[in-house]
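Chemist: Below is one structure. I have some questions about it.
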Amino acid sequence: VALGLGAYWGSGAMILVASVLLVLMGSPLFVAVGVGTMASWMLLRDNSPSVVVADVFEATKKQELLAIPFFVLAGNLMTKGSIAKRLIEFTKTVLGPLPGGLGAGAVVACAIFAAISGSSPVTVIAIGSILFPMLVAEGYAEKYSIGVLTTAGGLGIIIPPSIPMIVYAIVVSRNPNALKLAQPDGTFETVSLDPAALFKAGILPGLFIALMLVIYTFFVTWPRTEAAMAAHRASLPVEEGTWLSRTARSFVRSLPSLFLPVLILGGIYGWLDLEALGIPFALRFTVTEAAAIAVVYALFVELVVNRELKLKHVPDVVAESAIMMGSLFLILVIAISLNRFFVFEQVPDAATEWMLARVSTPTGFLIMVNLFLLALGCVMDILSAILIVAPLLAPIAASYGIHPVHFGIMFIVNLELGYLTPPMGINLFVASTVFERSIVDVIRAIVPFLVLMLFCLAVIVWVPWLSLALLS
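In this note's numbering, the protein residues as written are 7 to 478.
Listed below in structure tokens is the structure:
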């Protein structure tokens, strides 16, 4: 199939189709991308494998790459420690007295932990494993409890910091045409696309999705769970103090956990610069520095403040993170070499010309690309899609006048839905394991939430302000 398409559409189509087919056949991603990369340079351009080696060394010069292992390590440290427990305690104390409050608190806890870990599966594991039995005990339907925790866990890749956002920025920004934004007068404006820009752009869409989940929770659970929750609370020991005093105590206990996203994002965007107020204090750092600080802060909180993670456990967490990052980096550097081959063969340019000849308006392109990405998310994980597909679609979007940052957020939200759709939905399998339910039960539970997520996606696609407002 790949050779036939290559003969008709060119070498780029052959390599792309071969890589996608190998992924769908179950080959490890580094094999699928690596075979395509080596074959492209050796067979089609008559180059030696040293070209790929040179690209690997060139990729190591990208400072943003250093942020990925640090964020992964920070997320694993907090998952093994007690930060997730403190966040759940705080959200339960604040929202628990309301009918439907614990369900809303689950969404808020997932949103806050997403701003710490940067990973959807990690969020489902850390928050879901604790809150699922609590929700069921308070009278929430098991189906709803599975659905809300599995869906809210997907906020891990939208609310910054986000590992897929870092990978997207690194891969797409290597093609200059992906950054040339077409203007109404026919000219082009070169815009920047870096992890910091995507982080800032993901804040409002992530909060919007969380808000929709909270509203849905109150609407669905308020009339159904009020009596069951009242009966459950009556059986519990009477808590000391008023709601305000309990909230204050819980806030103090959770403050080190709540401050981490403020520290990371505030340092990146200068929100902790108090010199304008006459206070000689300012924290400013890059995304990579923020990731390293997140590791140090997580170690300090877990080892010194909370003291629930033992020093002897740290080497195991580091080893687990290293294994995860070794596989990811191998795929990433090979994909960068493959994308350079695509640019060398002018595959993105050819794809842009083909699309412009058939779709005359940005609206038509957005409809087509969203349908394609939704289908792609069903059969391919988000990192595979970013590494293989994003470098081809991003230049086309820019040629239609769609801002590269907005398109990046739209791309990631589309693939977030892939976490919730069979047969490749990672969150489905994670939820099945964590909640000890069959994969069929999990799929049935997330159906109404998928409809809600499609609505959120439509708003994010057609209201670019959500993604671009904070950039200025």
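Backbone N, C-alpha and C define an ideal beta-carbon position, used for all residues, glycine too.
Which residues in the same chain have their Cβ closer than 7 Å to the Cβ of K186, if we skip the five residues on either side of it in sequence?
Modeler: Taking the sequence shown and counting its residues from 1, one reaches residue 186 at position 180. For K186, where only same-chain residues beyond five positions count, the Cβ hits under 7 Å are F194, T196, A404.
Chemist: For the 8 Å Cβ check, are there 3 or more pairs between the region 253-266 and the region 141-158?
Modeler: No: the two stretches stay apart, fewer than three of their Cβ pairs being nearer than 8 Å.
Chemist: Going by the CB atoms, is the gap between Y425 and S126 shorter than 7 Å?
Modeler: Here the question's residue 126 lines up with position 120 in the sequence shown. Here the question's residue 425 lines up with position 419 in the sequence shown. Taking 7 Å as the Cβ cut-off, S126 and Y425 qualify as a contacting pair.
Chemist: Considering only the alpha carbon of each residue, which of A356, G212, V113, V323 lies closest to M171?
Modeler: Here residue 171 is taken as the residue at index 165 of the sequence shown, counted from 1. Ranking the options by Cα distance to M171, first place goes to G212.
Chemist: Leaving out five residues before and five after A117 in sequence, what residues of the same chain have Cβ atoms less than 8 Å from its Cβ?
Modeler: Counting from one through the sequence shown, the residue named residue 117 turns up at place 111. Correct list, in chain order: A158, L161, I165, G212, L213, A216.
Chemist: Going by C-alpha to C-alpha distance, which of V226, I169, V324, F348 sits closest to F205?
Modeler: What you label residue 205 is simply residue 199 of the sequence shown in a count that begins at 1. Answer by Cα proximity: I169.
Chemist: Going by the beta-carbon positions, is the gap between A437 and V130 smaller than 7 Å?
Modeler: Counted from its first residue, the sequence shown places residue 437 at position 431. Counted from its first residue, the sequence shown places residue 130 at position 124. Yes.
Chemist: For K186, report the span of its beta strand (DSSP E) as first-last.
Modeler: Here residue 186 corresponds to residue number 180 of the sequence shown, with the count starting at 1. Unbroken beta strand (DSSP E) run through K186: 186-188.
Chemist: Just reading off the alpha helix (DSSP H) that E314 is part of, what are its end residues?
Modeler: Counting from one through the sequence shown, the residue named residue 314 turns up at place 308. Neither: E314 is in no alpha helix (DSSP H) and is coded neither H nor E.
Chemist: Since I believe N420 is in contact with L379 (beta carbons under 8 Å), could you give me their beta-carbon distance rounded to a whole number of angstroms?
Modeler: On the sequence shown, position 373 is the one that residue 379 refers to. On the sequence shown, position 414 is the one that residue 420 refers to. That pair is a contact at about 4 Å.
Chemist: Whole angstroms is fine: what's the gap from F413's alpha carbon to L472's?
Modeler: To locate residue 413, count along the sequence shown from 1; it is residue 407. To locate residue 472, count along the sequence shown from 1; it is residue 466. Between F413 and L472, the C-alpha separation is close to 12 Å.
Chemist: Counting Cβ pairs, one atom from each stretch, are 3 or more of them under 8 Å apart for the region 364-381 and the region 97-111?
Modeler: Result no; under three Cβ-Cβ pairs closer than 8 Å.
Chemist: Would you mind giving the Cβ-Cβ distance between M386 and V467, rounded to the nearest angstrom? I have them listed as a contact below 8 Å.
Modeler: To locate residue 386, count along the sequence shown from 1; it is residue 380. To locate residue 467, count along the sequence shown from 1; it is residue 461. Not really, about 20 Å apart at Cβ, beyond 8 Å.
Chemist: So what's F291 in DSSP terms, helix, strand or just coil?
Modeler: Position 285 of the sequence shown, counting from 1, holds the residue named residue 291. In the structure shown, F291 sits in coil (DSSP, three-state: anything other than H, G, I, E or B).
Chemist: Output the distance between the C-alpha atoms of G370 and V453, rounded to the nearest integer angstrom.
Modeler: Start at 1 with the first residue of the sequence shown, and residue 370 comes out as number 364. Start at 1 with the first residue of the sequence shown, and residue 453 comes out as number 447. Looking at the two C-alpha atoms, the distance is approximately 27 Å.
Chemist: Ends of the alpha helix (DSSP H) at T157?
Modeler: Locating residue 157 in the sequence shown gives position 151, where the first residue counts as 1. First-last of the alpha helix (DSSP H) with T157: 148-158.
Chemist: Between which two residues does the alpha helix (DSSP H) harbouring T519 extend?
Modeler: Outside the displayed range of the chain (7 to 478) lies residue 519, so it cannot be described from this structure.
Chemist: DSSP three-state call for E326: helix, strand or coil?
Modeler: Position 320 of the sequence shown, counted from the first residue, corresponds to residue 326. Three-state result, E326: helix.
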